[in-house]
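In the numbering used here, the protein residues as written are 296 to 594. Note that CB positions come from ideal geometry on N, CA and C, so glycine has one too. Source: prediction; values computed, not measured. To start, the structure under review is shown below, and the notes come after it.
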């Protein structure tokens, strides 16, 4: 049951989800390969999902700036049942790429700087992405042999379905960001969070790039909180915000002492950067401006 716009030729499926699916297609309109995200509309009375409207409007805003680390939205089409969002085509996502490849530190640095460059535009435009994770970081690979490969690869932040603009007041939901990349303030249920949640997720992504392993491979929010306390200590470690909600949520882990072995084993500069990006107190977490000046990125 595949429908795509008339001016496109189907090449292959990329993914499918609750929203619909994504296919690789050749577009005669753009004379190149594109990715088409098809969103199925509800049958009863066709209406565009709010996540889709949000994704389109935020990307239109971001694409006015020529930032190669943000996915390009090329076109939006629709028929009676579907909306088709046409994006530039990327070869692979970071999650899949890391299953097949190990990155050197200089390759990590090169990709991580691109992630920061994309995030800077998102945050400068008063947006929060809210779902930074390796599946949503797409890579364009160079065409030639992979010898000088690492200096050619382009990382693009994609999937703005959860992104939102700060300029729009209103409740923010705490249930965003895929579990493994979710900041502790979201686990506490804070709804007045801001761009710091993207910094936490980006720190988790950096750890995964460096080690090939996710920092928190957990099945539940409780397990995630426990793992975070295993590294940063319980409420009495002095690392957490002074706040009754935190104190209560962290009760089960009050015995935990901080233990940064996982970071230290990667070297002092990286450890310092990870501790700063993954500070459990959002107010003390590094800002993008501070991260860009990290010693490790200078070397």
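_DSSP three-state label for residue 540, please._
Locating residue 540 in the chain shown gives position 245, where the first residue counts as 1. Here residue 540 sits in helix by DSSP.
*asked:* Between which two residues does the beta strand (DSSP E) holding residue 308 run?
replied: Taking the chain shown and counting its residues from 1, the one referred to as residue 308 is at position 13. From DSSP, the beta strand (DSSP E) with residue 308 extends over 303-312.
*Specify, as a first and last residue, the run of the beta strand (DSSP E) that residue 382 falls within.*
Here residue 382 is taken as the residue at index 87 of the chain shown, counted from 1. Residues 377-383.
*Unbroken stretches of the beta strand (DSSP E), 3 residues or longer, contained in the segment 351-425*: 368-373, 377-383
*Helix, strand or coil for residue 451 per DSSP?*
Sequence index remark: in the chain shown, residue 451 carries index 156 (1-based). Residue 451: strand per DSSP, three-state reduction.
*Would you decide whether residue 537 is buried or exposed? Buried here means 16 or more other CB atoms lie within 10 Å of its CB.*
The residue you call residue 537 lines up with position 242 of the chain shown. Flag for residue 537 reads exposed.
_Cβ pair residue 427, residue 500 closer than 8 Å_ = Walking along the chain shown from the start, residue 427 turns up at place 132. Walking along the chain shown from the start, residue 500 turns up at place 205. For residue 427 and residue 500, yes; Cβs fall inside 8 Å.
*Got a sec? Which residues, its chain only, sit under 8 Å from residue 298 by beta carbon, not counting five neighbours each side?*
In the chain shown, residue 298 corresponds to position 3, counting from 1. Same-chain partners within the cutoff: 333, 374, 376, 377.
*Residues bridged to residue 315 [DSSP beta-bridge criterion]*: Taking the chain shown and counting its residues from 1, the one referred to as residue 315 is at position 20. BP columns for residue 315 point to 312, 334.
*Tell me whether residue 578 sits in a helix, a strand or coil according to DSSP, three-state version.*
Translated into the one-based positions of the chain shown, residue 578 becomes position 283. Looking at residue 578 - three-state DSSP - the assignment turns out to be coil, as it is neither helix nor strand.
*Would residue 422 pass as a contact of residue 351 if the rule is Cβ separation under 8 Å?*
As a first step, residue 422 is located in the chain shown; it is residue number 127 there, counting from the start. As a first step, residue 351 is located in the chain shown; it is residue number 56 there, counting from the start. Result no, Cβ atoms of residue 422 and residue 351 do not sit closer than 8 Å.
*asked:* Which same chain residues end up closer than 6 Å to residue 406 when comparing Cβ atoms and leaving out the 5 residues on each side of it in sequence?
replied: Translated into positions along the chain shown, residue 406 becomes position 111. For residue 406, where only same-chain residues beyond five positions count, the Cβ hits under 6 Å are 450.
_Within a Cβ cutoff of 6 Å, which residues of the same chain sit near residue 398, ignoring the five residues on either side of it in sequence?_
Residue mapping note: residue 398 aligns to position 103 of the chain shown, counting from 1. If we look at residue 398 and ignore the five residues flanking it on each side, its Cβ neighbours are 504.
*Which residues does DSSP pair with residue 459 in a beta bridge?*
As a working mapping, residue 459 is identified with position 164 in the chain shown. Per DSSP, 423.
*Kindly indicate the opening and closing residues of the beta strand (DSSP E) around residue 435.*
As a working mapping, residue 435 is identified with position 140 in the chain shown. Per DSSP, residue 435 belongs to the beta strand (DSSP E) from 432-435.
*For the 8 Å Cβ check, are there 3 or more pairs between the segment 378-387 and the segment 311-329?*
yes
*residue 342, DSSP secondary structure in three states*: Counted from its first residue, the chain shown places residue 342 at position 47. Residue 342: coil per DSSP, three-state reduction.
*Exposed or buried, residue 327, counting other C-beta atoms within 10 Å across all chains shown (16 or more means buried)?*
Your numbering for residue 327 matches position 32 in the chain shown. It is exposed - the Cβ of residue 327 has fewer than 16 other Cβ atoms within 10 Å.
*Going along the chain, which residues of its own chain have a beta-carbon closer than 7 Å to the beta-carbon of residue 587, five neighbours each way excluded?*
Sequence index remark: in the chain shown, residue 587 carries index 292 (1-based). The residues are 411.
*Quick one: grab the DSSP three-state call for residue 329.*
One-based indexing of the chain shown puts residue 329 at position 34. Strand, per DSSP.
*asked:* Measuring straight from C-alpha to C-alpha, what distance separates residue 522 and residue 491?
replied: One-based indexing of the chain shown puts residue 522 at position 227. One-based indexing of the chain shown puts residue 491 at position 196. Distance between the alpha carbons of residue 522 and residue 491 is about 20 Å.
*Should residue 546 be labelled buried (16 or more other beta-carbon atoms within 10 Å of its own) or exposed?*
Stepping through the chain shown from its first residue, residue 546 is reached at position 251. Burial call: exposed.
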